[in-house]
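Read through the structure below, which is laid out as structure tokens, and then see the notes.
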Amino acid sequence: MKRNEPQDSSSSKKPKLPEMGDNKEEKKDDFFQPVGEVAQAVDEEEVQDTQDNDGIRLTGAQDAQGHPVQEIDSLCMNCHETGVSRLLLTSIPYFREIVVISFECPHCGFKNSEIQPASSIAEKGSRYILKVESKEDFNRQVVKSDYGTCKFVELDIEIPAKRGQLTTVEGLLSEMVDDLEMDQPQRKEVQPEIYDKIEEFLNKIRSVLKGETGLPLTFIVDDPSGNSWIEYVPGEPQHKWSVVEYNRTPQQNVDLGLVSADEVAAHEQQQQQQQEPPRTRTTGFMSDETDIENFANEVQVFHATCSSCYAPCETHMKVVNIPHFKDVIIMSTTCERCGYKSNEVKTGGAVPDKGKRVELYCDDPEDLGRDILKSETCGMKIPELNLDLTPGTLGGRFTTLEGLLRQVREELHSRVFQETSDSMAPETKSNWETFFKKLDDAIAGKIKFTVIMEDPLASSYIQNVYAPDDDPNMKIEEFERTEEQNEDLGLNDMKVD
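Heads up: the sequence shown at position 80 corresponds to 80 in UniProt numbering, and the numbers run straight through without jumps.
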């Protein structure tokens with residue numbers, strides 16, 4: 001899924017959040033304190049003697065929602081003496097439920113803190129990409145879960161999955177520098193040649209952090225659990241920030257604990273033994289005109305395997321003809337075992353020679369009821385709303401214009417705004433609220449706006465209510481694909497001879 005989403009993402013199934021203008025929600029925000037203040041308050045609280053049978057003690061502190069702060073004796077990994085871990089199960093406004101963990105050892109003074117998401121693992125993995133082009137971009141907030149990996153492409157640096165963190169891009173690099181510097185004195189004595197190489201590398205990182213060299217820099221956070229995130233700034237150029245959702249590999253499902261390694265091995269063995277093509281059946285839809293089956297009205301059902309838990313499931317497929325456009329294929333999969341759901345829309349036919357750009361000026365609330373088909377390769381812009389969706393955002397969608405805008409709002413609100421609202425600058429938060437206010441007005445038909453859809457495969461469509469005559473508010477034009485678009489679509493490697 002890319003950018004400005006609406007990440008599905010892959011058929012958004014996130015719960016709808018309260019509107020930003022809701023007074024009740026605004027009052028609720030006043031009860032929350034930043035995580036840093038909560039952690040500081042916990043440190044200042046005196047520990048009570050209350051203790052349960054499991055050795056967990058209550059500190060007497062609690063968050064605004066009444067969740068207690070608990071502590072338990074833990075082993076210090078620095079001096080191997082007994083330290084204290086404090087845990088708070090709380091929630092960050094506009095983000096999600098989290099577990100704040102703070103450890104302190106009274107013997108050696110070692111301290112450590114981390115956060116862990118308390119929400120469920122997402123249906124798909126996510127990959128966030130940020131183009132760091134200035135020193136200010138190093139201040140972007142980053143939520144990194146236990147399963148997320150971070151990569152700085154130009155620096156050839158990859159930070160493996162480890163403890164969850166709420167930090168910044170600069171914080172990740174600075175922490176890595178500190179870790180490497182810790183053993184430099186010993187390396188200088190034992191392995192001077194390695195010391196020199198690492199010192200040269202550290203100087204390069206310091207120069208990059210100062211914004212002197214090495215920019216632009218591509219920063220990628222890849223998380224198969226879908227619980228990591230990079231802060232997005234509204235109105236920034238399209239190339240700076242993007243997000244893509246992907247189906248997890250079998251090994252990633254094993255790493256996340258969704259399935260066992262034995263289940264994966266059994267599934268792979270079954271796939272190898274299965275030589276016959278998948279059998280299909282129909283749901284029994286009949287023609288409206290005769291008693292003979294009409295294949296154009298049939299819903300095909302394929303026996304498949306859930307990509308999340310590998311349980312047997314069914315995929316429904318239906319070919320639908322869109323008048324004055326072409327045939328499209330609607331596919332839907334639901335797993336009764338784990339609840340996984342997915343749906344997508346694909347167009348049929350050959351690859352056209354040219355791309356297509358469709359522009360619709362919406363000056364009437366009735367325009368919101370127009371059917372719209374947005375393929376995976378289509379990008380969409382609404383200049384009046386400062387909205388720019390890159391190809392891949394939301395995947396393939398066949399809905400109405402109003403339905404698409406609602407999906408965009410829900411996705412941006414739940415996957416972008418709510419993940420940083422509590423800590424973003426007042427000016428940035430105000431810009432987001434203004435954006436959502438305009439988007440709500442557009443959904444309600446209160447303002448006029450222009451929808452621009454550009455699809456290099458000409459597989460997207462907006463209903464022409466005047467068909468077969470031309471629509472006075474719609475402009476359709478073809479364009480030659482660029483070499484880069486052909487490369488991204490894999491057309492340059494396609495051989496038809």
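Even for Gly, the Cβ is constructed at its ideal location relative to N, Cα and C.
Classify residue i as buried or exposed, calling it buried when 16 or more other Cβ atoms lie within 10 Å of its own Cβ.
i, result
"A425", "exposed"
"E71", "buried"
"H80", "exposed"
"I194", "exposed"
"residue 499", "Outside the displayed range of the chain (1 to 497) lies residue 499, so it cannot be described from this structure."
"T333", "buried"
"Y466", "exposed"
"E245", "buried"
"I356", "This sequence places Lys at residue 356; Ile is not what is there. Per the 10 Å Cβ criterion, buried."
"G392", "buried"
"C108", "exposed"
"R206", "exposed"
"E411", "buried"
"H239", "exposed"
"Q407", "buried"
"S260", "exposed"
"residue 515", "The shown model of the chain, from 1 to 497, leaves out residue 515, and the question about it has no answer."
"N203", "exposed"
On a Cα-Cα basis, can you pick out the residue from the options that is closest to residue i?
i, options, result
"Q252", "A122, R409, I443", "A122"
"S113", "S120, V153, K162", "K162"
"E298", "C313, I330, S342, L87", "I330"
"E136", "T399, V233, K475, Q270", "V233"
"V416", "Y128, P106, K111, E402", "Y128"
"I452", "N492, E410, P383", "P383"
"E336", "Y361, I322, P352, T305", "T305"
"F201", "P352, T90, E154, G235", "E154"
"L88", "V208, P106, R57", "R57"
"E344", "M317, L368, C313", "M317"
"L385", "D196, P192, T434", "T434"
"E231", "E181, E268, T167, E212", "T167"
"F219", "P237, D156, P106", "D156"
"F110", "L130, V84, K131", "V84"
In this structure, does DSSP put residue i in helix, strand or coil?
i, result
"R57", "strand"
"P234", "coil"
"H267", "helix"
"T399", "strand"
"N112", "strand"
"S460", "coil"
"E5", "At E5 the pLDDT is 42, less than 50, meaning the model places this residue with poor confidence and gives no usable figure here."
"V465", "coil"
"N343", "strand"
"I447", "coil"
"V47", "Unreliable positioning characterises V47 in this predicted model, as indicated by a pLDDT of 40, which lies under 50. The coordinate reading is nonetheless provided below. Note: V47 maps to coil in three-state DSSP."
"D146", "coil"
"residue 508", "An answer regarding residue 508 cannot be provided, because it is not within the stretch 1 to 497 covered by the chain."
"E336", "coil"
"G21", "In this prediction, G21 scores a pLDDT of 39, lower than 50, which makes its location untrustworthy; the coordinate-derived value is nonetheless stated afterwards. G21 falls in the coil class under three-state DSSP."
"K197", "helix"
"H413", "helix"
"V169", "helix"
"K131", "strand"
"K204", "helix"
"D262", "helix"
"R406", "helix"
Report, in whole angstroms, the separation of the C-beta atoms of residue i and residue j, which I expect to be a contact under 8 Å.
i, j, result
"K374", "S460", "5 Å"
"S308", "L258", "6 Å"
"I115", "G164", "5 Å"
"I443", "E483", "So it is not a contact: roughly 38 Å between Cβ atoms."
"K354", "E487", "So it is not a contact: roughly 17 Å between Cβ atoms."
"V169", "R140", "5 Å"
With the cut-off set at 8 Å, would you say residue i and residue j are in Cβ contact?
i, j, result
"N473", "D388", "no"
"E133", "L75", "no"
"S228", "G148", "yes"
"E454", "G396", "no"
"E359", "T450", "yes"
"V328", "T315", "no"
"residue 579", "V69", "The first residue shown for the chain is 1 and the last is 497, placing residue 579 beyond what the model contains."
"I242", "T377", "Checking the sequence, you will find Ser at residue 242 rather than Ile. For S242 and T377, no; Cβs fall outside 8 Å."
"K144", "V221", "yes"
"D440", "T400", "no"
"L457", "P352", "yes"
"Q184", "E199", "yes"
"F152", "L217", "yes"
"D223", "S126", "yes"
"K437", "I447", "no"
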